[in-house]
Amino acid sequence: MRDFSRDHAWLSINTATIRKQGDLLQISEACARHGIRAISPWRDQVAAVGLQATKAAVRRHGFKLSGYCRGGMFPADASRRQEARDDNRRAVDEAAALEAACLVLVVGGLPQYSRPGSAVSLDMALARTQVEDGIGELLDYAKSAGMPLAIEPLHPMYAADRACVNTLGQALDICDRLDPARTGALGVALDVYHVWWDPELHAGIRRAGLARLLAFHVCDWLVPTRDLLLDRGMMGDGVIEISKIRQAVEAEGFAGFSEVEIFSEADWWTRPMDEVLTTCIARHRSAV
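The sequence shown begins at 79 in our numbering and counts up one residue at a time.
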């Protein structure tokens, strides 16, 4: 396993981690100031400052993009399916323009939450079918753009509204059906916050192998958790064996960035940007 204790060369900042403290250009300046060489921006943040301004900032600071957040939200009723197709193709185009390592897919849950305005449905099996069909359709377009797609399994508490793919095994099943040759065009974004609890996690990491491991996200699970979405912990403040999971990922040959992604309305989003980044650097060295 790589030694992170001496520098933060393999730290990436998912820009949601400091989204409340500034816009994407301010975040870029701060990351550069702290010697951080990789980021993973969110589409709404890019839209707020403009794609061309984002490209210029990435080029100016020499950033790598460990990923781009996010595509997905595939389930929809008939009136919203074209919207989902078009939106995901735009996400691929944006990721390609920014030369991101992958487009992260948060696949969606029931249609009324994935694509507001869709008719209410409680059919989870249908939602999962729409997810796989949507990824399969998008995959052809993404291949033409040279943009790998990374399915991010989310914790089961998000099954209804954010992602009905909830385990690494589910995500890999989709990958194997749609990309049986393991071409590198389709894989997973492994976020420890969502998968740490899974008794099949380490077997799944071995099954994924290097070809499927496209991104690695870190933060921590707090006990108690005050908010199911907006109370992620800084690495080392919770109960996840982050370094053990990284060891398993790196045993398969993964040598990319460890991407810090923290949603923290009551804590880290209230602190100065430089304090958050300084803490991310320190914890990346000691807890990742």
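Note that the Cβ used here is the ideal one computed from N, Cα and C, for glycine as well.
All of these numbers come straight from a predicted model, not from anything done at the bench.
Considering residue i, what are the terminal residues of the beta strand (DSSP E) in which it resides?
| i | result |
| --- | --- |
| N92 | L89 to N92 |
| S336 | S336 to V338 |
| A116 | A116 to S118 |
| I229 | L227 to I229 |
| A293 | L291 to V296 |
| D269 | L264 to D269 |
Terminal residues of the continuous alpha helix (DSSP H) containing residue i?
| i | result |
| --- | --- |
| G331 | It is not in any alpha helix (DSSP H) - G331 carries neither H nor E in the DSSP assignment. |
| V182 | Unbroken run through V182 is the beta strand (DSSP E), L181 to V184; no alpha helix (DSSP H). |
| Y191 | P189 to S192 |
| R148 | No alpha helix (DSSP H) holds R148; the beta strand (DSSP E) holding it covers Y146 to G150. |
| L129 | L129 to H139 |
| K221 | M202 to A223 |
Output needed for residue i: all residues of its chain with C-beta closer than 6 Å, excluding positions within five of it in sequence on either side, in chain order.
| i | result |
| --- | --- |
| T245 | P231 and D276 |
| A238 | G187 and L188 |
| V124 | T132 |
| R260 | A289 |
| L216 | N166 |
| R159 | none |
Who are the near neighbours of residue i in its chain, counting only those whose CB is closer than 8 Å to its CB and skipping five residues on each side?
| i | result |
| --- | --- |
| L181 | G145, Y146, R148, G149, A169, V170, A173, A220, M225, P226, L227 and A228 |
| C242 | P153, V185, G186, G187, L188, M202, A205, R206 and V209 |
| E328 | M79 and R80 |
| I91 | I105, C109, I114, A116, I117, S118, E337, V338, L355 and C358 |
| D101 | Q123, A126 and V127 |
| E278 | T245, L246 and G247 |
In whole angstroms, what separates the C-alpha of residue i from that of residue j?
| i | j | result |
| --- | --- | --- |
| Y236 | R255 | 24 Å |
| L308 | W347 | 10 Å |
| E367 | A203 | Absent from the model: residue 367. The displayed extent of the chain is 79 to 366, so no value can be given. |
| A178 | S199 | 34 Å |
| F332 | L291 | 7 Å |
| L250 | T95 | 27 Å |
| A118 | T93 | The amino acid at residue 118 is misidentified as Ala; the sequence shows Ser. Rounded to whole angstroms, S118 to T93 spans 6 Å at the Cα level. |
| A223 | D155 | 27 Å |
| I283 | W120 | 26 Å |
| I318 | W299 | 6 Å |
| D218 | I252 | 15 Å |
| H112 | H86 | 10 Å |
| L89 | R138 | 19 Å |
| G314 | P302 | 15 Å |
| R361 | G140 | 23 Å |
Please list, in chain order, all residues of the same chain as residue i whose beta carbon is under 7 Å from its beta carbon, the five residues on each side excluded.
| i | result |
| --- | --- |
| G214 | L256 |
Around the Cβ of residue i, are there at least 16 other Cβ atoms within 10 angstroms (buried) or fewer (exposed)?
| i | result |
| --- | --- |
| E339 | buried |
| S157 | exposed |
| G311 | buried |
| G334 | buried |
| R324 | buried |
| D269 | buried |
| Q130 | exposed |
DSSP puts residue i in a beta bridge; with which residues?
| i | result |
| --- | --- |
| G311 | D298 |
| L143 | I117 |
| A241 | G186 |
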